[in-house]
Amino acid sequence: MIIPSLRTDSPAAFRASADTLVSCHIAPHLTEWEANGGATRRLFNVAGRAGVFRVPVPVSDGGLGLGLAHSVAFIRAVSRHAAGGVAASLCVQTHVAMPLLLGAGSDRQKHTWLPPLLNGSAITAVAITEPTGGSDLVNSTATWAVRAEEGWILSGEKTFITNAPIADCLLVLARTDRGAGALGLTFFLVPTDLPGVEVRDLRTAGLRSSRTGHVRLTRCVLPQDAVLGRPGLAMVQLARVLPEERLAISAGVLECARCCVERTAARPAVARSQTARAELARWLVEVEAAEAFLDAAVHRFDQGGGDRLDADLIKTVSARLTQRIVNGCARLTGTDAFVGSPAGEGSLLPALRDVRVLSVFGGSCETVRDSAAAEILRGAATRRQTDSLSLAGGRPV
Ligand SMILES: Cc1cc2nc3c(=O)[nH]c(=O)nc-3n(C[C@H](O)[C@H](O)[C@H](O)COP(=O)(O)OP(=O)(O)OC[C@H]3O[C@@H](n4cnc5c(N)ncnc54)[C@H](O)[C@@H]3O)c2cc1C
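Using our numbering, you'd call the opening residue of the sequence shown number 395 and step up by one each time.
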């Protein structure tokens, strides 16, 4: 199978090649993936061969060095098919796992994992959430790693982990010091073929074209250098990558809303109704405004001026806006919204399922909103406005 590489000669050529890649090699499998519990390794293989994972990675680390704006253009191409699971699966690898590895991994860890992650022959999952909760990590993380002669012994349970059932390597958040609060949490690189690692599939209410799993870790013996960076720094490492993850998720979420508005507008009965057309026009304006904010935030990120506030604001707004719009589109569409397949023209069913999990995917709406509010109270909004005055203008791809 010949997979065309993403074109990097111009933003327009990049977008066109992303559209072709998705239409020819990803979209035809969406129906099957939605129905059968998520994407297979084939998705990662195709994405890797086309260069998707290389897009935002610096050239010095084997990437294309194109920044987040190009990644966002790719996420939009995927999300135009209104099945968010594929974007979620790829985002976990590109915008959470790889930045964690690049930011904190040792030379040996990067040497082992980066090449296969970049070419799509290896898959990662980031295992943070536990059955006891995923918001208050400092207090709820019960997965525990103790030092042993050989290195570390790790035990615990993780749940709702994207990619886990097909992953080769898990980045597992564990407690390494009970008395150290936020500085008692550490990330470990855990190969899934290690004795003591068990993963089972979970069927989720949405994002069904991504694989989601429950992970049980029973006295897994890890070498000393399984620690990502230094023990106790996981929350710092996570805080560094959250803006990128949240901007990437928001891009997919907003494109899904746009796609549903367009699919609804194409219905003859809707096109004949002035009231329906007015509603769709209002939603499109809201999506356009949110995307303009997102594009500016991505641009700031690529210029090195991105911050947590930008990402938390757009994540909060895009999740709730898309939930409202997709539900509104289903109301205007009527019964046809509740049948069909992702590939079927006009189908809203995958999007209707996906928006249900937006309340928690990538962090619960309430905790992300509260984080934004706290940043605003600390004066971050004023700092951001001042910073953006000093950055060059221009929209990303
Ligand atoms: C499809 C899917 C894929 C996922 N993929 C991953 C993954 O790859 N890796 C991973 O680690 N996790 C993953 N998750 C889990 C997700 O990150 C968590 O659901 C999320 O962080 C919230 O945690 P929780 O569900 O345990 O909710 P809890 O922490 O139990 O909170 C429940 C609810 O209580 C409210 N709440 C909690 N704290 C506060 C607060 N301080 N202020 C106000 N309200 C609050 C919120 O409404 C929240 O939704 C995934 C979830 C889904 C559904």
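Note that the Cβ used here is the ideal one computed from N, Cα and C, for glycine as well.
Can you give me the Cβ contacts of residue i inside the same chain, cut-off strictly under 7 Å, excluding the 5 residues immediately before and after it?
| i | result |
| --- | --- |
| G700 | P637, A691 and R694 |
| A663 | none |
| P493 | V635 and E638 |
Quick one: residues in its chain with C-beta nearer than 8 Å to the C-beta of residue i, no 5 flanking neighbours on either side, listed in chain order?
| i | result |
| --- | --- |
| G788 | Confidence at G788 is low in this model, with a pLDDT of 49, below 50, so the placement of that residue is unreliable and no value is reported for it. |
| P525 | E551 and T553 |
| K504 | D455, L495 and L496 |
| H534 | Reading off the sequence, residue 534 comes out as Ser, not His. Hits under 8 Å: E524, T526, G527 and G528. |
Quick one: what does DSSP say residue i is sitting in, helix, strand or coil?
| i | result |
| --- | --- |
| L458 | coil |
| G545 | strand |
| G578 | helix |
| A568 | strand |
| F755 | coil |
| I397 | coil |
| V440 | helix |
| D595 | strand |
| I555 | strand |
| D716 | It should be pointed out that residue 716 corresponds to Thr in this sequence rather than to Asp. Correct three-state label for T716: helix. |
| H475 | coil |
| L743 | helix |
| L622 | coil |
| R613 | strand |
| P585 | strand |
| G788 | Model confidence at G788 stands at a pLDDT of 49, short of 50, so the residue's coordinates are unreliable and nothing is read from them. |
| A686 | helix |
| G527 | strand |
Measuring only from the beta carbon, is residue i closer than 7 Å to any heavy atom that is part of ligand 1?
| i | result |
| --- | --- |
| E760 | yes |
| L576 | Sequence inspection shows Ala at residue 576; the Leu mentioned does not correspond to that position. Answer for A576: no, Cβ out of range of ligand 1. |
| D501 | no |
| D566 | Reading the sequence as shown, one finds Val at residue 566 and not Asp. Answer for V566: no, Cβ out of range of ligand 1. |
| V681 | no |
| F582 | no |
| D764 | yes |
| I522 | yes |
| L632 | no |
| G528 | yes |
| I555 | yes |
| F755 | yes |
| V486 | yes |
Kindly give me the distance between the Cβ atoms of residue i and residue j, rounded to whole angstroms, as I take these residues to be in contact under 8 Å.
| i | j | result |
| --- | --- | --- |
| F582 | W538 | Wrong, their Cβ atoms sit about 11 Å apart, outside the cutoff. |
| G626 | L577 | 4 Å |
| D708 | A684 | As written in the sequence, residue 708 is Ile, which differs from the Asp given in the question. At roughly 7 Å, the Cβ-Cβ gap stays under 8 Å, so I708 and A684 are in contact. |
| H419 | V440 | 5 Å |
| G431 | D595 | 6 Å |
| R605 | A491 | At roughly 15 Å, the Cβ-Cβ gap does not stay under 8 Å, so R605 and A491 are not in contact. |
| C563 | T586 | 7 Å |
| G646 | I469 | 5 Å |
| L531 | I522 | 7 Å |
Just the C-alpha distance for residue i and residue j, rounded to the nearest angstrom, thanks.
| i | j | result |
| --- | --- | --- |
| R640 | C614 | 31 Å |
| I770 | R702 | 11 Å |
| A482 | A574 | 32 Å |
| L415 | Q717 | 28 Å |
| T506 | A724 | 47 Å |
| V711 | S644 | 9 Å |
| G757 | P405 | 31 Å |
| L511 | A659 | 40 Å |
| H608 | V593 | 6 Å |
| L648 | R541 | 44 Å |
| L674 | R624 | 51 Å |
| I396 | T669 | 47 Å |
| T612 | A498 | 26 Å |
| V621 | V681 | 41 Å |
| A731 | R435 | 30 Å |
| S417 | C650 | 16 Å |
| R652 | L678 | 7 Å |
Who are the near neighbours of residue i in its chain, counting only those whose CB is closer than 6 Å to its CB and skipping five residues on each side?
| i | result |
| --- | --- |
| R401 | A407, F408 and S411 |
| V584 | L564 and V566 |
For chain D, check one thing: does any of its Cβ atoms lie closer than 8 Å to the Cβ of residue i?
| i | result |
| --- | --- |
| G698 | Note that chain D does not occur in the displayed structure, where there is just one protein chain. |
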